[in-house]
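Quick note, the sequences are listed as chains P and G, same order. Going by our numbering, the first residue of the first sequence is number 1, and it counts up by one from there. Going by our numbering, the first residue of the second sequence is number 410, and it counts up by one from there. All residues carry an ideal CB built from backbone N, CA and C; glycine is no exception.
There are 2 protein chains.
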Amino acid sequence: MKFGGTSVATPQRLRAVAARLIARHDAGDEVVAVVSAMGKVTDDLLALAHEINPEPPEREQDMLLATGEQVSIALLAMAVQAAGADAISFTGPQVGIVTDAVHSKAKIVAIDAACVGEALAAGQIVIVAGFQGRTTDGEITTLGRGGSDTTAVALAAGIAADVCEIYTDVDGVYTADPRIVPAAQKIDVISYEPMLEMAASGAGVLSMRSVEFARNHAVTIHCRSSFTDTTGTIVKEAQPDMEDAIVSAVTHDRGEAKITIRGVPDRVGIAARVFSTLADANVNVDMIIQNISEEKKTDISFTAPQTDLHRVTQALDACMAEIGAREWVIDDDIAKVSIVGAGMKTHAGVTAKMFQTLADAGVNIDLISTSPIRLSCIIAADQMDDAVRALHTAFGLDATDVIEEATPC
Amino acid sequence: MKFGGTSVATPQRLRAVAARLIARHDAGDEVVAVVSAMGKVTDDLLALAHEINPEPPEREQDMLLATGEQVSIALLAMAVQAAGADAISFTGPQVGIVTDAVHSKAKIVAIDAACVGEALAAGQIVIVAGFQGRTTDGEITTLGRGGSDTTAVALAAGIAADVCEIYTDVDGVYTADPRIVPAAQKIDVISYEPMLEMAASGAGVLSMRSVEFARNHAVTIHCRSSFTDTTGTIVKEAQPDMEDAIVSAVTHDRGEAKITIRGVPDRVGIAARVFSTLADANVNVDMIIQNISEEKKTDISFTAPQTDLHRVTQALDACMAEIGAREWVIDDDIAKVSIVGAGMKTHAGVTAKMFQTLADAGVNIDLISTSPIRLSCIIAADQMDDAVRALHTAFGLDATDVIEEATPC
């Protein structure tokens, strides 16, 4: 049972989480909880670090940030004990979450959860700090964004848990964002591949990394609400008898920008030069399109997260002269809409239907990218909501009864 | 170099400590710093714990409190690096401070400071979290009050440091509290035994535990000011050529209370029953006096810290009927004044001189306790200052030139 920072932000909420753990334990289940730092603690610690050192060394930043989750687990264990049940807390290093040595975004390489098994066998509720681990040398590391979800999934794999429940402020994964599409429906079951594509294309409920880890270790995830007992969305391996919907969901992403480099000489190796420079600058390039060339010149467009734009401009400034391009321009008034579904692989005509639907809605498509189970289009930002709604209806995802007070996805 | 919570309470002060470490490093010394949690962080964490659980389990309390020092070391390492020097931080568990499993007041049983040696050899300033360690099972423990001083002394022993500098808000150990005795002098050198007795009888600069540890491992302590570069007080093994002053210092303690049990049957085992009950209740009994009995009844008086009084009353309520005593009364309007000095062992007449001095000053002595190098008297609280001044003068401790703006001891 994994709870995020909002769920443990105050003593009162910690008590509520404790009550949930105890109820499950009393029902006869063995319970392991993974928790994040309380509320905005991580951000506060980062601000303090930057006040002292504008570029905090990452080893020391991990040393600092790891305290956030350590406070949460100690307090949650106290809350469980105050309510009369037995609990024990473990830090990531203690629980045997071994990572590589890449501070601030370490990857889990091994799990030795022996102490968890012992505590469970002793009837204790086990509470583990998310987001953190240790190297084989005993260095403290953190797992980066979405790290607590990854801890939960990895631990579930390590102890062969029946299910990894990820508690969030929404009650599951939806066919689209209910704030945009009132007719959006909660997805009851989805397999890893489409869930991964959804996470990659803007659905923010589960982090890509945790879904990837779950897929690689066949961990069943139950994504559900912290506030209700309603069943949420189950993410698990595709079953032979699981009839895949052609399209499972329509996702959107307003966080990208389109960069176009104009007048690039149409020579071998130029594109490689541009994108290796961007990769060196740690820019997460998503879609890439090279337009039809004219007079030995071509235009290269790509998308990247808006948060990477300062690195994009630095990188391009550095290589423009060398590649002999004319200029580059940024358009951050764009949106990406995607349709995702494992069924798309085997159904012809999905691409045509998407384009026709957008055309009928008067939406102009700027860039296109595809995967076997996803189709994404870059469009103008102000047409995003219309596009998402039109696609949701066209692919038969609308609920029959529209929920008026929809929960945001 | 050990710095307490006040010295690292803000980013600005952390930078000042960093500058001090770097200056020493630049001067050619190998530097290990031990730091406490920032300012009131430990108290704040304890308050949070008590909000969640009125009786926080000690294992989880240690898990919680250990985060305070971990934040300090990370930030201090960042501050050193921001100033251009190289630094690395270690938690108590990482640095190999192995303790017993008595949570919240663990005792150090072993130190394996290999990683400190490696970091020093690599030219790094090493920053270690005070107050914490781990058991052989990897459980996180804390060392209790004065724990960071103990960490510093233990680490100094573990790496065979030349000296363990303990930075504080006073500039050394004084012959008496300068707030009471303007003629008090800073002690340049003192051996472990009298320093221990001073710590035990009210001089608060160094904790008893750290001095005890230093004595057992022959660690030289330099107790000095965080704010100046003045030499402070050196605490080290008595040297053959070190002429001990008869009396090194006059100490006082206003934190005790006297409890008198009246009408106790004068039978074997009664006193044992009283004090074993108090010991079970974790009361720190200091002086014990059994008055002359009359009519097979006797009065038993003892002193204990005022902070233990609620436990004293609970314990006595529980056993009064059983021992058949009449009543008990508490007097917390008392003070303990002591004279301490390794030279007392070999000089006759010190006791007589103390009593005569107090008599001359019109001070009535209530209880007396002695050790080979200390003499303590319980007197009325309102006579404490006069008594301390009279003793300081009588034993030749007054400075010739009275410092007007004396630093508090």
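Is the shortest distance between the beta-carbon of residue i and the beta-carbons of chain P less than 9 Å?
i: V441 (chain G); result: no
i: P431 (chain G); result: Going by the sequence as given, residue 431 (chain G) is Ile instead of Pro. No - not a single Cβ of chain P is within 9 Å of the one on I431 (chain G).
i: L484 (chain G); result: yes
i: R468 (chain G); result: yes
i: L806 (chain G); result: no
i: S498 (chain G); result: yes
i: E460 (chain G); result: yes
i: L423 (chain G); result: yes
i: P465 (chain G); result: yes
i: T544 (chain G); result: no
i: L564 (chain G); result: no
i: A428 (chain G); result: no
i: L454 (chain G); result: yes
Verify whether the separation of the beta carbon atoms of residue i and residue j is less than 9 Å.
i: I379 (chain G); j: V444 (chain G); result: Given a span of 410 to 818 for chain G in the structure shown, any question on residue 379 (chain G) remains unanswerable.
i: E478 (chain G); j: T508 (chain G); result: no
i: V572 (chain G); j: H626 (chain G); result: no
i: P93 (chain P); j: I159 (chain P); result: no
i: L552 (chain G); j: K667 (chain G); result: no
i: V32 (chain P); j: I166 (chain P); result: no
i: A565 (chain G); j: V628 (chain G); result: yes
i: G539 (chain G); j: G556 (chain G); result: yes
i: A370 (chain G); j: G505 (chain G); result: This structure does not reach residue 370 (chain G), given that chain G is present from 410 up to 818, and the question cannot be answered.
i: S416 (chain G); j: S616 (chain G); result: no
i: S248 (chain P); j: V340 (chain P); result: yes
i: R20 (chain P); j: I461 (chain G); result: no
i: A49 (chain P); j: Q61 (chain P); result: yes
i: T150 (chain P); j: S210 (chain P); result: yes
i: A515 (chain G); j: T544 (chain G); result: yes
Examine chain G for any beta-carbon lying closer than 9 Å to the beta-carbon of residue i, and answer yes or no.
i: V412 (chain P); result: Shown here, chain P extends from 1 to 409; a query on residue 412 (chain P) therefore has no answer.
i: G138 (chain P); result: yes
i: N364 (chain P); result: no
i: R262 (chain P); result: no
i: A79 (chain P); result: yes
i: L64 (chain P); result: yes
i: P182 (chain P); result: no
i: P305 (chain P); result: no
i: L143 (chain P); result: no
i: F3 (chain P); result: no
i: A85 (chain P); result: no
i: A82 (chain P); result: yes
i: Q94 (chain P); result: yes
Count the other CB atoms within 10 Å of the CB of residue i; is the residue buried (16 or more) or exposed (fewer)?
i: R267 (chain P); result: exposed
i: A342 (chain P); result: buried
i: Q12 (chain P); result: exposed
i: A184 (chain P); result: buried
i: S610 (chain G); result: buried
i: K296 (chain P); result: exposed
i: G349 (chain P); result: exposed
i: Q81 (chain P); result: buried
i: E193 (chain P); result: buried
i: R798 (chain G); result: buried
Reducing DSSP to helix, strand and coil, say where residue i ends up.
i: G899 (chain G); result: This structure gives no information on residue 899 (chain G), because the portion of chain G shown stretches from 410 to 818.
i: D795 (chain G); result: helix
i: E665 (chain G); result: strand
i: E464 (chain G); result: coil
i: Q421 (chain G); result: helix
i: G133 (chain P); result: strand
i: F395 (chain P); result: coil
i: E118 (chain P); result: helix
i: T809 (chain G); result: coil
i: G477 (chain G); result: helix
i: R783 (chain G); result: strand
i: K336 (chain P); result: strand
i: V163 (chain P); result: coil
i: T175 (chain P); result: coil
i: S416 (chain G); result: helix
i: K345 (chain P); result: helix
Jot down the residue ranges of each uninterrupted alpha helix (DSSP H) in the stretch 588-648 of chain G, minimum 4 residues, whole runs only, in chain order. 601-609 and 617-626
Residue ranges of each alpha helix (DSSP H) run of no fewer than 4 residues wholly in the stretch 689-739 of chain G, ordered along the chain? 718-732
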